[in-house]
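Take any residue in the sequence shown, count from 1 to its spot, add 77: that is its number in this note's numbering.
Virtual Cβ for every residue (Gly too), placed ideally from N, Cα, C.
First up is the structure itself, then whatever we jot down about it.
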Amino acid sequence: MSALLQLHDVSKSFAGVRAVNKVSLTLQPGEIVGLIGPNGAGKTTLVNLITGVFPASEGSIVFDGRVISKMAPHQIAWAGIARTFQVVQPFPDLSVLDNVAAGAMFCREDQTIDTARAIAMECLEFTGLAAIANNPGSTLSLANRKKLELAKSLATSPRLLLLDEVNAGLNPTEIENALKVIRAIADRGITIILIEHLMKVVTRSCSRVVVLHNGELISDGATETVMRDERVVEAYLGPKYAAKFKLEATQ
Numbered sequence: 078m079s080a081l082l083q084l085h086d087v088s089k090s091f092a093g094v095r096a097v098n099k100v101s102l103t104l105q106p107g108e109i110v111g112l113i114g115p116n117g118a119g120k121t122t123l124v125n126l127i128t129g130v131f132p133a134s135e136g137s138i139v140f141d142g143r144v145i146s147k148m149a150p151h152q153i154a155w156a157g158i159a160r161t162f163q164v165v166q167p168f169p170d171l172s173v174l175d176n177v178a179a180g181a182m183f184c185r186e187d188q189t190i191d192t193a194r195a196i197a198m199e200c201l202e203f204t205g206l207a208a209i210a211n212n213p214g215s216t217l218s219l220a221n222r223k224k225l226e227l228a229k230s231l232a233t234s235p236r237l238l239l240l241d242e243v244n245a246g247l248n249p250t251e252i253e254n255a256l257k258v259i260r261a262i263a264d265r266g267i268t269i270i271l272i273e274h275l276m277k278v279v280t281r282s283c284s285r286v287v288v289l290h291n292g293e294l295i296s297d298g299a300t301e302t303v304m305r306d307e308r309v310v311e312a313y314l315g316p317k318y319a320a321k322f323k324l325e326a327t328q
C-alpha cells in the first residue's frame, strides 16, 4: 500500500527560532494517528506546514505522490487535505447550513448553491446538527461549534483530516459524542491526524502515536509502546500518568 502522506526532514524557523526540526513521518491510508506533545512542541506548526499556512523552511511534504510543500492552502485543500482549528470561528451571520455549504462550494468547481447545501445538510446530519441547520452560527454552544467545524471540513471531501484539539473545553459527555463522530469519520475511509492533550482520547482513538518535543519527533509507534517510552514520560506524560497507564493496561 502506498503512503498517503510523507514528510521528509521537514523544518520551520521563525526569526531564527526552530519551531519544527527535521521531522520525518509517513501515514498510510486509513490510519488514525495521535500527535501529542507539550505546549510549544510544534504540533500546530506542523499542521500549518502540512496545510500550507506556512511554507517549510527545509524538507518536503508529499501527499498521494505529489509534492505539496510549496503549494498554497487552497490548492492543498483541493488536493484532499482538510483541517479544523483550535479556536473555532464560524461565520456568525450565516446559518449553520450555509457555514458548511461554504466549505462545499470552496472545494468543488462549478458547484451550485443547491448542491452545496445538499452536501452541507448531509454533513450536518452526520455530525448531529441537522436540527439547528437554520440557526445563525453566532448562537452555537462550544460543543456545537466544534461539531460545525467538523462538518465544514467534511464538506470539502477530504482524504486526510487534521483535527486540532477538537475536544478542548468539552465535558465528558460531549467528549464521548465527539469520539463516536471521529470513529465514524474513520469508518468512511478518511485518514486522521488527531492533535490532542486528553490522553484518554488518544488511547481510545489511535493505534499509533507520534510525539513532538521542542520541535523534534522523539517517538513514533504503537500507542501502548509510545506511552511507555521513557523520553515521552520525561518530556510530556510524567511518571504518575505512565504508572497509571501501565496499571490500566494490565487490568
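| field | Thr268 in three-state terms, based on DSSP | value | Here residue 268 refers to the residue found at position 191 of the sequence shown. The answer is strand: DSSP assigns Thr268 an E or B state.
| message | When you compare the region 185 to 195 with the region 298 to 312, are there three or more beta-carbon pairs, one atom per stretch, that lie closer than 8 Å? | response | Too few Cβ pairs lie closer than 8 Å, so no.
| request: Check the C-beta distance from Ala80 over to Thr103 and give it rounded, since I have them as a contact under 8 Å. | output: The residue you call residue 80 lines up with position 3 of the sequence shown. The residue you call residue 103 lines up with position 26 of the sequence shown. Confirmed, Cβ separation roughly 5 Å.
| said: Between which two residues does the alpha helix (DSSP H) holding Gln152 run? | reply: Start at 1 with the first residue of the sequence shown, and residue 152 comes out as number 75. Run containing Gln152: Pro150 to Ala156, per the alpha helix (DSSP H) assignment.
| query | At what residue ranges does the region 164 to 197 contain a whole run of the beta strand (DSSP E), taking only runs of 3 or more? | reply | none
| query | Would DSSP call Gly214 helix, strand or coil? | reply | Position 137 of the sequence shown, counting from 1, holds the residue named residue 214. Three-state DSSP puts Gly214 in a helix.
| message | By the three-class DSSP mapping on this structure, what secondary structure does Phe131 have? | response | Sequence index remark: in the sequence shown, residue 131 carries index 54 (1-based). Coil.
| query | In angstroms, rounded to a whole number, what distance separates the CA positions of Pro115 and His274? | reply | Along the sequence shown, one-based indexing puts residue 115 at 38. Along the sequence shown, one-based indexing puts residue 274 at 197. Roughly 8 Å separates the two Cα atoms.
| query | Buried or exposed: which applies to Gly111, given that a residue is buried once 16 or more other Cβ atoms fall within 10 Å of its Cβ? | reply | The count along the sequence shown starts at 1 and reaches residue 111 at position 34. Gly111 should be labelled buried.
| field | Contact under 8 Å by Cβ, Ile158 with Pro235 | value | Counting from 1 along the sequence shown, the entry for residue 158 is found at position 81. Counting from 1 along the sequence shown, the entry for residue 235 is found at position 158. Yes; because the gap between Cβ atoms is below 8 Å, this pair is in contact.
| Under the rule that 16 or more other beta-carbon atoms within 10 Å means buried, what is Phe91, buried or exposed? | In the sequence shown, counting from the first residue as 1, residue 91 sits at position 14. Phe91 is exposed by the Cβ-count criterion.
| field | 8 Å Cβ cutoff met for Ser230 and Thr121 | value | Counting from one through the sequence shown, the residue named residue 230 turns up at place 153. Counting from one through the sequence shown, the residue named residue 121 turns up at place 44. No, the Cβ-Cβ distance between Ser230 and Thr121 is not below 8 Å.
| field | Segment contact flag, the region 268 to 284 with the region 240 to 256, C-beta cutoff 8 Å, min 3 pairs | value | yes
| query | Given Gly119, which residues of its chain have a CB within under 7 Å of its CB, disregarding the five upstream and five downstream residues? | reply | Numbered from its first residue, the sequence shown carries residue 119 at position 42. The answer, listed in chain order, is Ala96, Val97, Leu289 and Gly292.
| Counting only runs that start and end within the region 218 to 289, where is the alpha helix (DSSP H) found for 4 or more residues in a row? | 219 to 231, 249 to 264 and 276 to 282
| Touching by the beta-carbon criterion (3+ pairs, under 8 Å), the region 202 to 210 and the region 178 to 190 | no
| Residue from Val124, Phe203, Thr233 and Thr204 whose Cα sits closest to the Cα of Leu271 | Here residue 271 is taken as the residue at index 194 of the sequence shown, counted from 1. For the residues Val124, Phe203, Thr233 and Thr204, the minimum Cα distance to Leu271 belongs to Val124.
| If we ignore side chains and look at the alpha-carbon of each, how far apart do Trp155 and Glu253 end up? | Your numbering for residue 155 matches position 78 in the sequence shown. Your numbering for residue 253 matches position 176 in the sequence shown. For Trp155 and Glu253, the distance between alpha carbons rounds to 31 Å.
| request: Apply the 10 Å Cβ neighbour rule to Thr189 and answer buried if 16 or more other Cβ atoms are within range, or exposed otherwise. | output: Counting from one through the sequence shown, the residue named residue 189 turns up at place 112. It is exposed - the Cβ of Thr189 has fewer than 16 other Cβ atoms within 10 Å.
| field | Of the listed residues Ile113, Ile109, Pro106 and Gln83, nearest to Lys99 (C-alpha basis) | value | Within the sequence shown, residue 99 is the residue found at index 22, counting from 1. Among Ile113, Ile109, Pro106 and Gln83, the Cα nearest to that of Lys99 is on Gln83.
| query | When the Cα of Leu237 is compared with those of Val94, Ile109, Gly136 and Leu314, which residue comes out closest? | reply | Within the sequence shown, the letter at position 160 stands for residue 237. Cα-wise, what sits closest to Leu237 is Ile109.
| query | How would you write the range of the alpha helix (DSSP H) that Glu301 sits in, first residue to last? | reply | As a first step, residue 301 must be located in the sequence shown, where it is residue number 224. First-last of the alpha helix (DSSP H) with Glu301: Thr300 to Met304.
| field | Spatial distance of Arg185 from Thr233 (CA atoms) | value | Translated into the one-based positions of the sequence shown, residue 185 becomes position 108. Translated into the one-based positions of the sequence shown, residue 233 becomes position 156. Arg185 and Thr233: Cα-Cα distance of roughly 8 Å.
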